[in-house]
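The structure under discussion appears below in the form of structure tokens.
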Amino acid sequence: MGGKKKWKCTGPSNKPHEERFVEDGLECIDCGATSPHSTGQPQTSSGSTSSTQKTTSPTNNSNLPIVLGAVILGVGILGGAVYGFIINKKTPEPTPEPTISNNNTPDTKECLIFQPTQEPERFSLGQRSLFQGEPNIDLNRGTEKFKIGNYEQAKTFFDYAVDAARTDPEPQIYRNNAQARQEFTTGNKGCPLTIAVVVPSKGDVSKPKSAQEILRGIADVQTQVNEAGGIQNRLLEIVIVNDGNESKIAPIVAQELSKNPYILAVIGHNSSDASIEALPTYETQQLAMISPTSTAISLHEINQKSEHKVFFRTVPSDAANAPILANYAEKKLNAKKIVIFYDSKSVYSKSLTEEIENALTSATIMNKISIEAEDFDVEKAVNSIKDEADTAILLPSVNSTSIAVRIAKKLKANTNIKLLGGDALYSPTTLEQGGNDVNNLYLVVPVAPSDTYTNKSQKVWGGNINWRTVASFDAAEAIIQAIKATKSPENVTRQDVLKELKSITIKTDGSGKSWKFDQGEPKIDPCIVKVDKDAPAPQGVEFGFKTLKCG
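Each residue of the sequence shown is one higher than the one before, counting from 1 in full-length UniProt numbering.
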């Protein structure tokens with residue numbers, strides 16, 4: 001007697017594995033399949049094919065004349081068909097190249113899942129983790145289930161992953177995505193509404209931390225929308241994209257997002273340099289791009305010269321941030337002689353430096369020192385200015401913050417110089433690396449959280465949020481409110497979203513503000529914050545950021 005029926009699994013064609021026999025009703029432990037792939041056959045425990053495989057009976061000699069007659073008739077028909085084919089043969093039409101429709105209208109009935117062709121490892125709806133942090137086995141299990149379309153089990157594992165890593169927004173977003181896909185496949189909801197968020201999830205320690213700060217705001221809005229049932233029976237899904245803050249990568253991921261009509265809008269990029277490189281691609285496809293962190297003035301200038309004007313941001317530009325910092329340095333800290341440390345390869349850093357120079361009224365710029373060179377000597381630079389300045393302004397790019405922290409430490413050890421800086425330094429990494437040497441460092445930041453959002457976020461994330469989270473929340477909320485404002489949200493296109501962003505009044509709990517985009521710019525006042533012992537601090541750190549004034 002045979003045992004329980006088994007089927008043979010060798011994995012999908014694009015990811016085969018060693019032969020494994022799996023009992024009916026169970027799944028393959030290698031690839032998660034619950035039935036044979038196209039190359040597999042159901043197997044019995046003895047290895048022979050099971051009753052589901054077609055079998056043939058021995059030929060009966062008494063039926064031989066009938067069989068021969070059928071064969072002769074079949075040959076005659078086949079010959080006639082071949083002759084007709086030869087006489088009427090035409091050159092086949094070439095297969096047309098796949099194209100994207102001019103109106104970029106997604107097919108919500110087909111509802112394809114986003115599949116990039118370039119740099120696929122930089123994109124995820126839940127198929128992979130884009131961060132290299134503490135191992136989370138439930139997150140990994142969830143991504144494996146998501147890959148094979150088992151969204152119900154994926155959601156379960158992502159739920160576990162959320163519980164295991166409360167401060168990590170990635171599993172929360174994937175959990176929401178899995179639910180959105182599961183609800184669609186079961187017919188309970190329509191095709192998910194899809195937006196993308198581009199962050200630097202890998203690189204030096206400051207990049208993934210900034211990425212997580214941004215994603216927390218996105219996750220909060222997504223959860224809020226989906227728990228309310230979505231928009232016109234459509235839940236929200238988020239594609240997370242890693243550009244690493246790399247100017248060469250930004251246009252590549254922008255191209256992948258732009259050519260997919262399901263992507264209704266993009267939140268990002270993080271650095272101004274990456275945003276500048278990506279913007280022309282979004283412009284050609286009329287895909288709205290809302291940056292929660294890029295403050296360079298040149299982005300506004302590029303946008304105003306374009307046809308579709310797809311660039312927006314939820315933070316003030318350097319033109320608004322610089323006067324606030326310059327005024328505080330002169331009026332509150334009595335700065336007289338200033339040295340500026342900046343990154344000459346960064347559009348953001350150069351922009352902010354120039355605007356601060358223009359905003360100063362009584363103080364004198366004694367020196368400007370570029371810090372991005374590989375052989376930059378911190379000690380030599382500090383020694384060259386310690387006797388000529390009473391104030392140092394640190395304006396690194398997001399890629400050179402660690403150098404600025406080293407400068408602060410060296411200045412604190414050798415001088416009594418007052419320290420100020422730009423928003424790139426607003427990060428737990430600055431507090432961790434700088435310690436007591438960055439105490440009393442004053443920074444200008446674009447926005448502060450409302451009390452309402454602060455209280456809500458503390459319950460979700462177990463700690464305080466910062467300006468990146470607030471600005472990202474506002475960016476996601478702006479897109480959601482634009483979708484709701486369209487004439488038919490159930491069939492919304494990216495052009496609809498772009499049109500509404502230019503006209504609607506946006507109200508959000510993030511910043512607690514209400515505004516209209518003015519040529520892509522928000523009406524929000526920047527704030528001055530200070531590194532202080534009395535401020536709420538990240539775990540394991542003695543200092544935090546204390547908001548002093550806004551506007």
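Glycine is no exception: its CB is placed at the ideal position from the N, C-alpha and C atoms.
The model shown is predicted, which means the values in this text are computed figures rather than measured ones.
- For the pair Ala-373 and Leu-419, the Cα-to-Cα distance works out to about 22 Å.
- Residue range 378–385 is occupied by the alpha helix (DSSP H) that includes Val-378.
- In the DSSP assignment, Thr-194 falls within the beta strand (DSSP E) that extends over 193–199.
- Inter-residue distance for Ile-338 and Lys-309 is about 38 Å (C-alpha atoms, whole angstroms).
- Between the alpha carbons of Asn-242 and Thr-223 lies a gap of roughly 21 Å.
- Within the same chain, Ile-249, Ile-252, Val-253 and Glu-256 come within 8 Å of Glu-119 by CB-CB distance, once the 5 residues on both sides are set aside.
- Listed in chain order, the alpha helix (DSSP H) runs fully inside the segment 98–172 are 137–147 and 151–164, counting runs of at least 4 residues.
- A direct Cα-to-Cα measurement between Pro-36 and Cys-9 gives close to 6 Å.
- Here the C-alpha atom of Leu-130 lies approximately 16 Å from the C-alpha atom of Val-162.
- Counting C-beta pairs with one atom in each stretch, the segment 332–348 and the segment 485–500 have fewer than three that are closer than 8 Å, which means they do not touch.
- Relative to Tyr-282, the option among Thr-186, Pro-200, Asp-496 and Ala-265 whose CA is nearest is Ala-265.
- Between Asn-233 and Ile-218, the alpha-carbon positions lie close to 20 Å from each other.
- In this structure, DSSP gives Val-445 an extended state, which the three-state scheme calls strand.
- In this structure, the straight-line span from the alpha carbon of Ala-165 to that of Glu-357 is close to 44 Å.
- Beta-bridge annotation (DSSP): Lys-530 is paired with Tyr-442 and Lys-546.
- Burial check for Gln-127: the Cβ neighbour count within 10 Å reaches 16 or more, so the residue is buried.
- Counting C-beta pairs closer than 8 Å gives fewer than three between the segment 419–436 and the segment 358–372, which falls short of the contact rule.
- Between the alpha carbons of Tyr-262 and Phe-114 lies a gap of roughly 8 Å.
- Nearest neighbour of Asp-220 by Cα position, chosen from Ser-344, Asn-176 and Ser-13, turns out to be Asn-176.
- Assignment of Val-492 by DSSP, reduced to helix, strand and coil, places it in the coil class.
- Under a 10 Å Cβ-count criterion, Val-541 is classified as exposed, with fewer than 16 other Cβ atoms of the shown protein chains found around its own Cβ.
- Excluding residues up to 5 positions away in sequence, Val-541 and Phe-543 lie with their Cβ nearer than 6 Å to the Cβ of Leu-431 in the same chain.
- Closest by C-alpha distance to Val-239, out of Glu-388, Gly-203 and Arg-181, is Arg-181.
- The shortest C-alpha to C-alpha distance from Asn-260 to any of Ile-483, Cys-111 and Pro-526 is the one to Cys-111.
- For the pair Glu-134 and Pro-192, the CB atoms are not nearer than the 8 Å cut-off.
- The residues Met-366, in chain order, have a CB closer than 6 Å to that of Glu-388 in the same chain once the five nearest residues on each side in sequence are set aside.
- Comparing alpha carbon positions, the residue from Lys-549, Ser-275 and Leu-411 closest to Tyr-348 is Ser-275.
- Following the DSSP letters along the chain, one finds Gly-434 inside the alpha helix (DSSP H) bounded by residues 428–434.
- Judged by their CB atoms, Thr-401 and Thr-364 are not nearer to each other than the 8 Å cut-off.
- Within the segment 304–368, the runs of beta strand (DSSP E) at least 3 residues long that lie entirely inside it are, in chain order, 311–313 and 337–342.
- Per DSSP, the beta-bridge partners of Asn-242 are Val-199.
- Excluding sequence positions up to five before and after Ala-482, its CB lies within less than 7 Å of the CB of Val-497, Glu-500, Leu-501 and Ile-504, all in the same chain and listed in chain order.
- Between Pro-169 and Gln-212, the beta carbon gap of about 6 Å places them in contact (Cβ cut-off 8 Å).
- Just so you know, the alpha carbons of Thr-469 and Gly-510 end up roughly 8 Å apart.
- Considering only Ser-306, Ala-296 and Ala-329, the residue with the shortest C-alpha distance to Val-315 is Ala-296.
- Taken in chain order, the unbroken stretches of beta strand (DSSP E) that lie wholly in the segment 250–306 and span 3 residues or more are 263–267 and 289–291.
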